[in-house]
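Q:
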Amino acid sequence: MAQKEIIKMTNEVFEEAFEIESQKLTPEANIFNDLGLDSLDVVDLVVALQKKFGVQIRNDERVRNIRTLGDIYGFIDALGEENKLSLPREN
Amino acid sequence: MQLKRVVISGVGSVSPLGLDVASLLAAIENKQSAVKRMPGWERYRGLRSLVAAPAELANEKEIPRQSRRSMGRMSIFSVQASKQALADSGISESLISSGRMGCIIGSTMGGAESISEAFEIMLPERDLSQLTSMKFFQCLSHTAAMNVAQYLGIKGCVLATSAACASALQAIGAGYDLIRLGKQDAILCGGAEELHPIVTGSFDIIFATSSSYNDNPSKTPRPFDVSRDGLVCGEGAGIVFLEERELALKRGAKIYAEIIGYNTCGSGVHISQSSASAMRQCISEALKSANIKPTDVDYINAHATATIQGDQEEAQAIRNIFGDDVPVSSLKGYFGHTLGASGAIELIVSLAMMQKGQIYPTFNLEKVGDDCRGIFHVQEKLNRDISILVKNCFAFGGINAALVCRKE
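Chains as they are written, first to last, in our numbering: chain A, 296 to 386; chain B, 23 to 430.
1. Under a CB-based cut-off of 7 Å, is Leu335 (chain A) close to chain B?
2. With a CB to CB cut of under 8 Å and the five nearest residues on each side skipped, what residues in its chain are close to Asp333 (chain A)?
3. Would you kindly report the start and end of the unbroken alpha helix (DSSP H) that includes Arg341 (chain B)?
4. Can you tell me whether Ser289 (chain B) is buried or exposed? The criterion is at least 16 other CB atoms within 10 Å of its CB, across all chains shown.
5. Any C-beta of chain A sitting closer than 7 Å to the C-beta of Gln152 (chain B)?
6. Alpha carbon to alpha carbon, how far is Pro322 (chain A) from Glu300 (chain A)? Give it in angstroms, no decimals.
7. Can you tell which of B:Gln106, B:Ser151, B:Leu174, B:Arg95 has the C-alpha that lies nearest to the C-alpha of Leu117 (chain B)?
8. Would you give the residue range spanned by the beta strand (DSSP E) that Glu268 (chain B) belongs to?
9. Quick check on Glu316 (chain A) - is its C-beta less than 7 Å from some C-beta in chain B?
10. Are any of the Cβ atoms in chain B nearer than 7 Å to that of Asp406 (chain A)?
11. By Cβ distance below 6 Å, which residues in the same chain neighbour Ile137 (chain B) in space, the five residues on each side in sequence not counted?
12. Please determine if the stretch 373-385 of chain B and the stretch 267-285 of chain B are in contact, where contact requires at least 3 C-beta pairs separated by less than 8 Å.
13. With three or more beta-carbon pairs closer than 8 Å as the criterion, would you say the stretch 126-140 of chain B touches the stretch 56-72 of chain B?
14. Along the chain, where does the beta strand (DSSP E) that runs through Val33 (chain B) open and close?
15. How long is the line joining the alpha carbons of Glu82 (chain B) and His399 (chain B), rounded to whole angstroms?
16. Kindly indicate which three-state DSSP category Met3 (chain B) falls into: helix, strand or coil?
17. Under three-state DSSP, which class holds Ala190 (chain B)?
18. Assign Gly112 (chain B) to buried or exposed, taking buried as 16 or more other Cβ atoms, counted over all protein chains shown, within 10 Å of its Cβ.
19. So, are the CB atoms of Ser329 (chain B) and Leu253 (chain B) less than 7 Å apart?
20. Which class does Val43 (chain B) belong to by DSSP, given the choice of helix, strand or coil?
21. Could you tell me the alpha carbon to alpha carbon distance between Gln152 (chain B) and His218 (chain B), rounded to whole angstroms?
22. Just grab the DSSP bridge partners of Asp247 (chain B) for me.
23. Assuming Val337 (chain A) is part of the alpha helix (DSSP H), what are its boundary residues?
24. Using the DSSP secondary-structure output, state which residues sit across from Gln380 (chain B) in a beta bridge.
25. Would you check if there are 3 or more beta carbon pairs closer than 8 Å linking the stretch 192-201 of chain B to the stretch 215-235 of chain B?
26. Ignore the nearest five residues each way along the sequence and tell me which others in Lys58 (chain B)'s own chain have a CB closer than 6 Å to its CB.
27. According to DSSP, is Gly197 (chain B) part of a helix, a strand, or is it coil?
28. Report yes if the CB atom of Pro383 (chain B) is closer than 7 Å to the CB atom of Ser409 (chain B), and no otherwise.
29. Within 10 angstroms of the Cβ of Glu385 (chain A), are there 16 or more other Cβ atoms? Answer buried if so, exposed if not.
30. Please confirm whether Val338 (chain A) has its beta-carbon closer than 7 Å to some beta-carbon of chain B.
31. Based on the DSSP secondary-structure assignment, which residues constitute the bridge partners of Cys255 (chain B)?
32. For the alpha helix (DSSP H) containing Asn169 (chain B), name the first residue and the last one.
33. Straight-line CA distance for Asn325 (chain A) to Phe313 (chain A)?
34. If I follow the unbroken beta strand (DSSP E) through Val57 (chain B), where does it start and stop?
35. Kindly indicate which three-state DSSP category Asn360 (chain A) falls into: helix, strand or coil?
36. What residues in the stretch 135-159 of chain B bring their beta carbon closer than 8 Å to a beta carbon of chain A?
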């Protein structure tokens, strides 16, 4: 999947599920300090990303290291490299 | 030990008849019905009752996402009603998080919509991986109390009474007792409920719902009427602000009424069938706790949901205590049975009747059923000074509650 598409779909998750304005969604934005998520939100972020990208990441240890939006883009990209992404879903 | 006295000094509601108390009262004045045929309910196989009284979910984004994420409809309704009650009371912000103010909000269950969604997500594949963390907080039985307390920063006693249709009145009764004992100075008390086909369905499968008026929804429910055929579910939240009387007087608060008596008891008879003798016992004990006689009561706001058996038993209980001397009306014809919220929303309307010296009639009561005769049914608006009122709530599980309020 193209990096541009990953960024677009990830940002949609933040806009739809966490009501964050699009201008705040930069690769260096820290999801906790800058975007205001907490540990419970991360559980729901995982669910939303799973749904968006058709992937199972609940038990993926790499989720624990995510700090910035850029980390998420990279993580999704890596999943693509590992052929773990299925076709993106409509919702 | 000298018990403290307790007054109601703030009210708030979100109901099928509007987003606040003023719109609720205006709609009742205009004899409006909030009952509608529910689109899409036909697809539930076996559901006979296709009518309900939905409340409007509006302005929810005024609650920040971080707080709103754990709230289903009923918690949002509760927050909105609580904010209204606090604003109406005019208390200082400092009381809210002082630890001297509490929050008691009851409901039959957690958010019905969220509970249904959680099962819909989980059960088809027996897969929990798509469940969000927030579903749990929306499904909890104390979701309304918890969310209101967290959102407002309440650090006093937080409780959730769960006794179906008596939940709100039990919440108010529990708050009354805590303030009387001096354990809290003020408490937001009330109830909330959320409409969903599974809620109506749970009454429908035991034939307690109205099913003959699906094409004529404003004609049901019909409390005490000869043609009543069951209850109609509604939703919303009703919150009253209870306050220790001396504190309210000291700050010059607007006082709606003093709570002077309360009782709750079980019937010990049957899980779903109402018992006139248990209802009578409950009301009598409430009057006794208020140290008043039946003849002192000026108005009874009945539970009367329009079920065949429930209305008959309540009418009998009222007849046994009050005869046909005291005006009685039910508000469920206007906005259905808001279940866990009903005790509070209906009390709020009753307090407005007390203020105005006017009793709203039982909507849809056209011809009193033979089994409900012998009490003073209010079928037209009645001008009447109300010094003391009794609010009844009777719930599944044989749980009864009655509250007595006196005009300040």
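Just so it is clear, CB atoms sit at the ideal spot from N, CA and C, and this is done for glycine as well.
A: Short version:
1. yes
2. Phe327
3. 330-344
4. buried
5. yes
6. 14 Å
7. B:Leu174
8. Unbroken run through Glu268 (chain B) is the alpha helix (DSSP H), 267-272; no beta strand (DSSP E).
9. no
10. The requested residue 406 (chain A) does not occur in the structure, where chain A is confined to residues 296 to 386.
11. Excluding sequence neighbours, Ile137 (chain B) sits near Cys161.
12. yes
13. no
14. Annotation for Val33 (chain B): the continuous beta strand (DSSP E) segment containing it runs 28-36.
15. 39 Å
16. Because chain B in this structure spans residues 23 to 430, residue 3 (chain B) falls outside the shown range and cannot be described.
17. helix
18. exposed
19. For clarity, residue 329 (chain B) is Thr in the given sequence; the question names Ser instead. In this structure, Leu253 (chain B) lies closer than 7 Å to Thr329 (chain B) by Cβ.
20. helix
21. 22 Å
22. DSSP, once it has assigned bridges, lists B:Val390 as partnering Asp247 (chain B).
23. 334-348
24. Partner(s): B:Asn405.
25. no
26. Pro239
27. helix
28. no
29. Because the pLDDT of Glu385 (chain A) is 46, which lies under 50, any placement of that residue in the model is unreliable, and the question is left without a value.
30. yes
31. Its beta-bridge partners are B:His359.
32. Membership of Asn169 (chain B) in the alpha helix (DSSP H) is indicated by the continuous run 165-174.
33. 14 Å
34. Unbroken run through Val57 (chain B): none, as it is neither H nor E.
35. helix
36. If the cut-off is 8 Å between Cβ atoms, the stretch 135-159 of chain B has Ser151, Gln152, Leu153, Thr154, Ser155, Met156 near chain A.
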